[in-house]
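In structure tokens form, the structure reads like this:
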């Protein structure tokens, strides 16, 4: 908001007859109070400065704010009457509205599945898409395929900041370990061969065979000695 005369009263925080407010996204704000001490007609211009989002088209409408300061009929002091209209028009408005158009840019995001070793028949896996670390959309299944593409995703937020998309496997298949690429879009499952439990059978069998071998040698030697006798 800018005063049409540098001597007009302005809200606290104004600089050189200009009062600025920052509005983020779709929001509503209220102009702060202006204190008047003299009778008169005070005029102001309300407009918005274009933002930094290159994908947005900013409303350049300008409003004229006219404030009439008069004596109250009951003699209690000053009273104000406010009239608001768009520049070049005569229709009165109850409030200031700026309608900015945001042209969304979309992208496709592809997740890739990599299998390292394991049986030829791979299990069905489930992938969850994340946007800026938050789960986004529904879980998808990959059955017999190694990739999935999410189409027409918003590339940026309303302020022009690019989203970061990643994926995670919701349940890691049995006998596999999972790892992710640096960009978070490639999921690798590596087969981990399960080790057989150690039951002690190998050790017992070895001892048994060795014992039998010793027994056979002993018996053979015993027979040979008797023949020599």
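In this note's numbering, the protein residues as written are 2 to 230.
Note that CB positions come from ideal geometry on N, CA and C, so glycine has one too.
The beta-carbon distance between residue 56 and residue 106, rounded to whole angstroms, is 6 angstroms. This is short enough to meet the 8 angstroms contact definition.
Taking the Cβ atoms as the reference, residue 102 lies roughly 4 angstroms from residue 58, within the contact range of under 8 angstroms. If you draw a 10 Å sphere on the C-beta of residue 112, you find 16 or more other C-beta atoms in it, and that means buried. In the three-state scheme derived from DSSP, where H, G and I count as helix and E and B as strand, residue 41 is classed as strand. Taking a contact to require three or more Cβ pairs closer than 8 angstroms, the segment 134-150 and the segment 88-100 do not qualify as touching. Relative to the Cα of residue 66, the nearest Cα in the group 160, 120, 4, 173 belongs to 4.
Counting other Cβ atoms within 10 Å of its Cβ, residue 130 reaches 16 or more and is therefore classed as buried.
In the structure shown, residue 168 falls within a strand segment according to DSSP collapsed to helix, strand and coil. In the DSSP assignment, the residues bridged to residue 72 are 79. Taking all protein chains in view, the Cβ of residue 173 is surrounded by fewer than 16 other Cβ atoms within 10 Å, so the residue is classified as exposed.
From the listed residues 71, 48, 115, the smallest Cα separation to residue 188 is found for 115. With a cutoff of 7 angstroms on beta-carbon distance, residue 64 and residue 32 are scored as not near each other.
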